[in-house]
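When you number the sequence shown by our numbering, it's gap-free, plus one each residue, and the end is 277. Note that CB positions come from ideal geometry on N, CA and C, so glycine has one too.
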Amino acid sequence: MKIDVIIIGSGAAGMMCALQAGQRGRSVVLLDHSKKLAEKIRISGGGRCNFTNINTKPDNFISENPSFCRSALARYTPNDFIALLQKHNIGFHDKTLGQLFCDEESEAVITMLRSECEAAGVKRFMSCEVEEIKHTPYTIEQGLGKKAKFYVTTSRGEFEAVSLVIATGGLSIPKTGATPYGYHVAEQFGIPITKLKAGLVPLTFAPDDWKPYSELTGVSFDAIVSAGKQSFRENVLVTHRGLSGPAILQASSYWQHGTPLHINMLPDVDMEI
5 MKIDVIIIGS GAAGMMCALQ AGQRGRSVVL LDHSKKLAEK IRISGGGRCN
55 FTNINTKPDN FISENPSFCR SALARYTPND FIALLQKHNI GFHDKTLGQL
105 FCDEESEAVI TMLRSECEAA GVKRFMSCEV EEIKHTPYTI EQGLGKKAKF
155 YVTTSRGEFE AVSLVIATGG LSIPKTGATP YGYHVAEQFG IPITKLKAGL
205 VPLTFAPDDW KPYSELTGVS FDAIVSAGKQ SFRENVLVTH RGLSGPAILQ
255 ASSYWQHGTP LHINMLPDVD MEI
């Protein structure tokens with residue numbers, strides 16, 4: 005099948021890319037090895053999909069290329085996505101610190117993105133295993149008007165396109181189907197990969213070390229969690245394995261192995277000794 009754009013990965017990024025390309029008149033196919041669309045959306049926000057933050061700024065992103073965040077957020081803002089939800093009559097609310105959640109289940113957002121993709125003429129191929137990717141680069145000898153092409157062989161057939169998008173995500177939640185496939189494709193095409201590090205993750209302890217605190221499981225409290233120069237004031241949740249909650253998850257992206265993590269459990273109390 006010959007098309008304009010092949011997108012591998014049917015998560016939030018892949019579907020947004022597909023519908024945007026389709027709306028611009030491109031012929032698009034969306035490929036995914038999973039049986040279901042957007043599994044991470046389904047479980048995000050405790051099943052309510054925390055779809056954006058109205059206070060989002062480029063400085064909120066950890067990136068090797070800060071300029072990318074600036075241009076991306078300038079071209080498509082949180083208000084643009086809010087308008088899309090309103091178009092589909094999806095209710096939402098501001099939970100805390102500008103975080104927006106759906107009033108109903110996350111499935112509403114998946115249905116919205118699927119509908120937008122279908123309206124844009126995007127073709128989906130689920131349970132589709134990518135077997136091989138080949139690339140024919142453009143050369144001057146080919147003459148003007150000739151473009152480089154990608155050839156993707158899958159369990160559902162062969163696809164040929166001028167543009168290829170890898171939107172397979174990272175390794176954060178394997179149970180949703182996450183694999184290192186995207187990294188392997190990057191390596192195939194000589195794209196350097198930065199050192200991988202866990203981010204937005206809870207703190208876990210060895211069972212024996214955490215046993216004295218196990219009776220506190222389920223307790224949450226307001227705190228300031230600091231890692232290096234970054235501090236976050238939100239809830240901390242005690243779990244059966246350690247600490248979680250928004251403040252811990254945020255700080256985990258900045259914490260470096262071997263450095264301290266400070267937790268101020270009485271942020272509004274000043275004590276003089």
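Contact under 8 Å by Cβ, residue i with residue j
{"i": "GLY173", "j": "GLY13", "result": "yes"}
{"i": "LYS138", "j": "TYR155", "result": "yes"}
{"i": "VAL205", "j": "ILE267", "result": "no"}
{"i": "VAL126", "j": "LEU23", "result": "yes"}
{"i": "ALA42", "j": "MET19", "result": "yes"}
{"i": "CYS53", "j": "SER110", "result": "yes"}
{"i": "ALA231", "j": "TRP259", "result": "yes"}
{"i": "ALA112", "j": "GLN27", "result": "no"}
Cβ-based neighbour list, residue i, same chain, cut-off 8 Å, excluding 5 preceding and 5 following
{"i": "HIS97", "result": "LEU104, PHE105 and ASP107"}
{"i": "GLY95", "result": "CYS106, ASP107 and GLU108"}
{"i": "PRO62", "result": "PRO70, CYS73, ARG74 and LEU77"}
{"i": "VAL223", "result": "LEU241 and VAL242"}
{"i": "LYS153", "result": "HIS139, THR140, GLU164, ALA165 and VAL166"}
Same chain, Cβ closer than 6 Å to residue i, five either side skipped, listed in chain order
{"i": "VAL9", "result": "ALA25, ARG30, VAL32, ALA165 and SER167"}
{"i": "ILE170", "result": "ILE12, GLY186 and VAL189"}
{"i": "ILE58", "result": "PRO82 and GLY102"}
{"i": "ILE197", "result": "TYR187 and ALA190"}
{"i": "PHE85", "result": "THR56"}
Backbone CA spacing between residue i and residue j [nearest angstrom]
{"i": "PHE236", "j": "LYS40", "result": "35 Å"}
{"i": "ILE114", "j": "ALA255", "result": "29 Å"}
{"i": "PRO216", "j": "PRO264", "result": "21 Å"}
{"i": "GLU135", "j": "GLU162", "result": "10 Å"}
{"i": "PRO250", "j": "ALA227", "result": "10 Å"}
{"i": "THR183", "j": "SER176", "result": "9 Å"}
{"i": "ASN93", "j": "PHE65", "result": "29 Å"}
{"i": "GLY262", "j": "LEU117", "result": "42 Å"}
{"i": "ILE45", "j": "ARG245", "result": "25 Å"}
{"i": "GLY181", "j": "MET275", "result": "49 Å"}
{"i": "ASN83", "j": "SER218", "result": "42 Å"}
{"i": "ASN239", "j": "LYS99", "result": "13 Å"}
{"i": "PRO211", "j": "LEU247", "result": "13 Å"}
{"i": "THR208", "j": "GLU122", "result": "42 Å"}
{"i": "LYS151", "j": "GLY194", "result": "20 Å"}
{"i": "ARG79", "j": "LEU89", "result": "18 Å"}
{"i": "GLY253", "j": "ASP272", "result": "Checking the sequence, you will find Leu at residue 253 rather than Gly. Near 21 Å, if we compare the C-alpha coordinates of ASP272 and LEU253."}
{"i": "GLN286", "j": "PHE225", "result": "There is simply no residue 286 to check, as the chain begins at 5 and stops at 277 in what is shown."}
{"i": "SER48", "j": "GLY203", "result": "15 Å"}
{"i": "ILE7", "j": "ALA17", "result": "20 Å"}
{"i": "ALA87", "j": "ASP36", "result": "28 Å"}
{"i": "LYS91", "j": "CYS21", "result": "19 Å"}
Cut-off 7 Å between Cβ atoms - residues of its own chain near residue i, not counting five sequence neighbours on either side
{"i": "ARG278", "result": "Within the shown structure, residues of the chain are numbered from 5 to 277, placing residue 278 beyond reach of any answer."}
{"i": "THR221", "result": "VAL242, THR243 and HIS244"}
{"i": "THR60", "result": "LEU77 and PRO82"}
Among the options, the one whose alpha carbon lies nearest that of residue i
{"i": "THR56", "options": "LEU101, THR140 and CYS21", "result": "LEU101"}
{"i": "THR158", "options": "LEU23, LEU34, ALA16 and ASN54", "result": "LEU34"}
{"i": "LEU200", "options": "THR60, GLU68 and ALA17", "result": "GLU68"}
{"i": "SER38", "options": "GLY15, ASP272, CYS21 and ILE195", "result": "GLY15"}
{"i": "GLN234", "options": "THR208, ILE47, SER248 and SER257", "result": "SER257"}
Closer than 7 Å: residue i CB and nearest the ligand PLP heavy atom
{"i": "ALA251", "result": "Absence of the ligand PLP is noted for the structure shown, with no ligands found whatsoever."}
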